[in-house]
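Participant: Going by the numbering used here, the residue at position 261 of the sequence shown is 264; the numbering climbs one at a time, nothing skipped. Got a structure for you, questions after.
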Amino acid sequence: MRILQIGPYAPPHGGVQTNLAAIRTALLKRGVPCEVLVITRAVGEVSDEPDIHRPSNALQLFGLLVRLRYDIIHLHFGGMLTTRLVLLALLCSLMPRSKTVLTFHSGGYPKTEAGRSARPATLRGFVFRRLDRIIAVNEEIALMFSKFGVTSERIRIISPHVVTEPPRETALPEFFVDFRERHEPLLITVSGLERAYDLPTQIEALGLVRERFPSAGLVIVGSGSMEEDIRESISAQPYAPHILLCGDVTHPVTLRMMKESDLFLRTTLYDGDSISVREAMYLGLPVIATDNTMRPAGVELIPPSNPAALRQAIESRLTNGGTHAALNENGEENIEAVLRLYQELA
């Protein structure tokens, strides 16, 4: 059995990338060949891992699909289902002597206008019914694919989350160590620098929190299309030196930085069941997040785009402490479920 995964691959490090990499690692440990076609643009320095292909255009991608050897294609889509992605799924379903699997990671998509318009008599419906298996990361997504006309026998609900402790030898960057020494409490968030992640709410809330906790600092890990806007928003604040915009760092280093922090924040306008939230909980970090109806038990929930509510939640946690739920399972069973699905199709 040979697997070809197609989707985003780090850097940057996000939930979809983490799931894809975890599946690849599990396959390679079992001696199963697994190559990757990367369909997103890398941000930062890329590794020179073997069998990771980064086509620069659609023609190169098609050439690799024709040339590479595989028995199963596993597509990983997140965000919005663009026509480009749907056509890619159609192309993969047409490749001879192979099966096609799609994991759709976008937990909030069924609530969007596009998600609510799911019908069999659409291009999306036609393409999805051609796929051999569809992995939905929650029940809402599974229901949406059934509205596209996909039979229940072809749909599996498998959580994508797998979390790990950072290796003991993982060193913290000097810029973080210096920032940590000067800030107590330390708040941290890990997300893309995109509108959906509502970082202005966190930036404004930090100023409010510092009125009571003048040594508080905020670390923002991630990159994205709004980086310049975020930098300008930070620089306009009188407390700008107390916000550390890290950009992308490696996943193990991100986990180490989270372990050294006091609170994890996740403010969003559009979000699914975030891997970073689960990683924070697994590491024992209290989490405050926007209520999107998908958060794990134990997360302190706040309304969207509400700096005052975020301030209140942060100050309450810092003042009163209290218990918070930690995740005891690391999600390895989710990866095993994917490997069993491959065996079904082999």
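Note that the Cβ used here is the ideal one computed from N, Cα and C, for glycine as well. Please read these numbers as outputs of a predicted model, since none were measured by experiment.
Does the distance from the CB of F267 to the CB of M261 come in under 8 Å?
Facilitator: Contact: yes.
Participant: Please classify M147 as buried or exposed, where buried requires at least 16 other C-beta atoms within 10 Å of its C-beta.
Facilitator: buried
Participant: How long is the line joining the alpha carbons of M83 and L202, rounded to whole angstroms?
Facilitator: 20 Å
Participant: Bridge partners of L258, per DSSP?
Facilitator: Its beta-bridge partners do not exist; DSSP assigns none.
Participant: State whether the segment 132-139 contacts the segment 150-160, with contact taken as three or more CB pairs (one from each stretch) at a distance under 8 Å.
Facilitator: Note that the segment 132-139 touches the segment 150-160; at least 3 beta-carbon pairs, one per stretch, sit closer than 8 Å.
Participant: Among V49, D54, N333 and T204, which one has its Cα closest to the Cα of R27?
Facilitator: D54
Participant: To which residues of the same chain is L304 closer than 6 Å at the C-beta, ignoring the five residues directly before and after it?
Facilitator: D294
Participant: Around the C-beta of A316, are 16 or more other C-beta atoms found within 10 angstroms, so that it is buried, or is it exposed?
Facilitator: buried
Participant: Where does T103 fall in DSSP's three states?
Facilitator: strand
Participant: Taking only the alpha-carbon atoms, compute the straight-line gap between H186 and F107 and give it to the nearest angstrom.
Facilitator: Looking at the two C-alpha atoms, the distance is approximately 39 Å.
Participant: Consult DSSP for E207 and reduce its assignment to one of helix, strand or coil.
Facilitator: helix
Participant: Is L314 helix, strand or coil by DSSP?
Facilitator: One detail in the question is off: residue 314 reads as Arg in this sequence, not Leu. Three-state result, R314: helix.
Participant: Give the DSSP bridge partners of R159, in chain order.
Facilitator: I138
Participant: So for I6, helix, strand or coil by DSSP?
Facilitator: strand
Participant: Starting from G250 and walking both ways along the beta strand (DSSP E), at which residues does that stretch end?
Facilitator: I246 to G250
Participant: Could you give the residue range of the alpha helix (DSSP H) that holds F178?
Facilitator: E177 to E184
Participant: Looking only at C-alpha atoms, which of T270, M297 and G301 sits nearest to M284?
Facilitator: G301
Participant: Give me the Cα-Cα distance between A29 and R215, rounded to the nearest whole angstrom.
Facilitator: 47 Å
Participant: Just to confirm the assignment: which complete alpha helix (DSSP H) runs, minimum length 4, are found wholly within the segment 5-64?
Facilitator: For the segment 5-64, whole alpha helix (DSSP H) runs of length 4 or above, ordered along the chain, are 18-32.
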